[in-house]
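Peer 1: Position one of the sequence shown corresponds to residue -7 (the numbering used here), numbered consecutively onward.
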Amino acid sequence: MKLKVKTNISNYSVIVGNNLCPKINNIILNEGIYSQKFLLIYDSKVPSQMIKSIISKFNKKKIEKKKIIFNEKSKNLKTVSSIVKILEKKNFSRNDCLISVGGGICGDVCGFASSIFKRGLNFVNVPTTLLSQVDSAIGGKTGINSLSGKNMIGSFYQPALVISDINFLKSLPKKEMICGYAEILKHSLIKNEIFFNFLKKNFIKILNHNRKFLEKAIYKSCLIKKEVVEKDEKEKNTRKVLNLGHTFAHAYEATIGYNKGLNHGEAVLLGIMSAVEFGKQKNILKKNDYKKIIEHLKKLNYFNLNKYFKSKDIPRIIFYMKQDKKNKDSKINLILLKRIGKPILNKSFEEKKIRSFLRGLID
Ligand SMILES: NC(=O)c1ccc[n+]([C@@H]2O[C@H](COP(=O)([O-])OP(=O)(O)OC[C@H]3O[C@@H](n4cnc5c(N)ncnc54)[C@H](O)[C@@H]3O)[C@@H](O)[C@H]2O)c1
Ligand SMILES: [Zn+2]
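#1: Can you look up F295 in the DSSP assignment and give me helix, strand or coil?
#2: With DSSP collapsed to three states, give me the class of E56.
#3: Which residue or residues does DSSP assign as beta-bridge partners of G146?
#4: CA-CA distance, G257 and N10?
#5: Under the criterion of a Cβ to heavy atom distance below 6 Å, does G131 qualify as lining ligand 1?
#6: Give the range of the alpha helix (DSSP H) segment to which G99 is assigned.
#7: L210 and V8 look like a contact to me (Cβ under 8 Å); what is the Cβ gap, rounded to whole Å?
#8: On the CB-based measure, 16 or more other CB atoms within 10 Å of its CB, does Y26 come out buried or exposed?
#9: I'd like to know if the stretch 124 to 131 and the stretch 201 to 216 are in contact, where contact means that at least 3 CB-CB pairs between them fall below 8 Å.
#10: For P119, report the span of its beta strand (DSSP E) as first-last.
#11: As a quick exercise: from D281, I16, L353, pick the residue whose alpha carbon is nearest that of V93.
#12: With DSSP as the reference, identify every bridge partner of K(-4), one or two as the case may be.
#13: Put F188 into one of helix, strand or coil per three-state DSSP.
#14: Could you check whether the Cβ of V260 sits closer than 6 Å to any heavy atom belonging to ligand 3?
#15: So, using beta-carbon positions, are C171 and N255 closer together than 7 Å?
#16: Exposed or buried, what is D281 when buried is set at 16 or more other beta-carbons lying within 10 Å of its beta-carbon?
#17: Let's test the definition: count the other Cβ atoms within 10 Å of the Cβ of L21 and tell me whether it reaches 16, buried, or not, exposed.
#18: Based on Cα-Cα distance, which residue from V38, K(-4), V101 lies nearest to N137?
#19: What residue does the alpha helix (DSSP H) around F270 start on, and which one ends it?
#20: Residue range of the beta strand (DSSP E) that N338 falls in?
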């Protein structure tokens, strides 16, 4: 399955399929990327036979490879610099190509390195987690963490090609599958009720790697992200809908502490639940749609904040919600739903309203 992403300055393919690794060399050529040299950067947790099956089809003299341990701590300038050093040492030109094989962190770091090397090197993203296949590999946001926070240094730089092979997901832990599923669900809620109904009916098959259902969920999810990104590449306005549930989610992650029991996707599911509850309480969200979404979150087992927080945590959650980049004045901005598929932007609320709302959810 293939789709095209077209922005003001770029036009690239996203290819979704099974067992694409041995074909990557050919796919790159067929997409018109005629590089003389390739640097393949890969995540240390990607099974080595998958890397071998990619490399074996390239001319050995033309490809360099480097394994990196990617995590939020190594998502930094030092790692970018280590990649740029190889490119310089091996005398890469901007027509050559960096291939990233890994999750969202690997893709964000390699995308950023590509954007700054000689002001833009061909970048091929081969995402290997569900989250990166349905979300981070599309849209051109690249970045690294810095002293001021997550993803604070970065660029908008579209890849030349994205190749999503569902075969990578076989080695992915269940928690990471849930993480990607949260973003798929988010995409359905902001754009497409029919897709939401499909997910509600088939989520177990998707999480259990049923090939047909998994491929369809990834493809549909990419299609929605593509449509949003094409309308507003630089997140001036409408792209903000992709933040549904994320103002709450980021605050939940930060309050618990990163890498301490609640990963991003789990926080997103709780964040969606919160935005949906809030929308219902403010009479913004249609009751029947509210019921359908909460029912699904209950089946996924992510709907109860009391499992993670106590009432003494509320001030910290509010503190982090106030840091959100979307906020203006002292109010907290939320993306809410009117109906499934109909989000509303630019709704801001007084801090005290959110505090009393959270008091109702957390004993
Ligand atoms: N650029 C964007 O638009 C965008 C959007 C959403 C998230 N992000 C970023 O993406 C990152 C999260 O991405 P992620 O969830 O993919 O995390 P990740 O890259 O940390 O990968 C998750 C875990 O899976 C491992 N892994 C990767 N591929 C594997 C495989 N095939 N088999 C087994 N293990 C594998 C990784 O080593 C890691 O431990 C965050 O840093 C976030 O800021 C970026
Ligand atoms: Zn997210």
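No residue lacks a Cβ here, since even glycine has one placed at the ideal position from N, Cα and C.
Peer 2: The relevant details are as follows:
#1: Taking the first residue of the sequence shown as 1, we reach residue 295 at position 303. If DSSP states are grouped into helix, strand and coil, F295 belongs with coil.
#2: Taking the first residue of the sequence shown as 1, we reach residue 56 at position 64. E56 falls in the strand class under three-state DSSP.
#3: Position 154 of the sequence shown holds residue 146. G135, per the DSSP bridge assignment.
#4: Residue numbering aside, residue 257 sits at position 265 when the sequence shown is read from its first letter. Residue numbering aside, residue 10 sits at position 18 when the sequence shown is read from its first letter. Roughly 24 Å between the two C-alpha positions.
#5: Stepping through the sequence shown from its first residue, residue 131 is reached at position 139. Answer for G131: yes, Cβ within range of ligand 1.
#6: Mapped onto the sequence shown, residue 99 falls at position 107. Looking at the DSSP string, the run of the alpha helix (DSSP H) that includes G99 is 96 to 108.
#7: Here the question's residue 210 lines up with position 218 in the sequence shown. Here the question's residue 8 lines up with position 16 in the sequence shown. The residue asked about is misnamed: residue 210 is Ile in this sequence, not Leu. Confirmed, Cβ separation roughly 5 Å.
#8: Start at 1 with the first residue of the sequence shown, and residue 26 comes out as number 34. Per the 10 Å Cβ criterion, exposed.
#9: yes
#10: The residue given as residue 119 occupies position 127 in the sequence shown. Run containing P119: 114 to 119, per the beta strand (DSSP E) assignment.
#11: Here residue 93 refers to the residue found at position 101 of the sequence shown. Checking every option, the nearest Cα to that of V93 belongs to I16.
#12: For the purposes of this step, residue -4 is identified with residue 4 of the sequence shown, where counting begins at 1. The partner list for K(-4) (beta bridge, DSSP) reads S5.
#13: For this step, residue 188 is matched to residue 196 along the sequence shown. Looking at F188 - three-state DSSP - the assignment turns out to be helix.
#14: With respect to ligand 3, the structure offers nothing, as its ligand set consists of ligand 1 and ligand 2.
#15: Residue numbering aside, residue 171 sits at position 179 when the sequence shown is read from its first letter. Residue numbering aside, residue 255 sits at position 263 when the sequence shown is read from its first letter. Yes. Within cutoff.
#16: Sequence index remark: in the sequence shown, residue 281 carries index 289 (1-based). So D281 counts as buried.
#17: As a working mapping, residue 21 is identified with position 29 in the sequence shown. Under this definition L21 is an exposed residue.
#18: Counting from 1 along the sequence shown, the entry for residue 137 is found at position 145. Of the candidates V38, K(-4), V101, the one whose C-alpha sits nearest the C-alpha of N137 is V101.
#19: Translated into positions along the sequence shown, residue 270 becomes position 278. Unbroken alpha helix (DSSP H) run through F270: 256 to 273.
#20: As a working mapping, residue 338 is identified with position 346 in the sequence shown. Looking at the DSSP string, the run of the beta strand (DSSP E) that includes N338 is 334 to 341.
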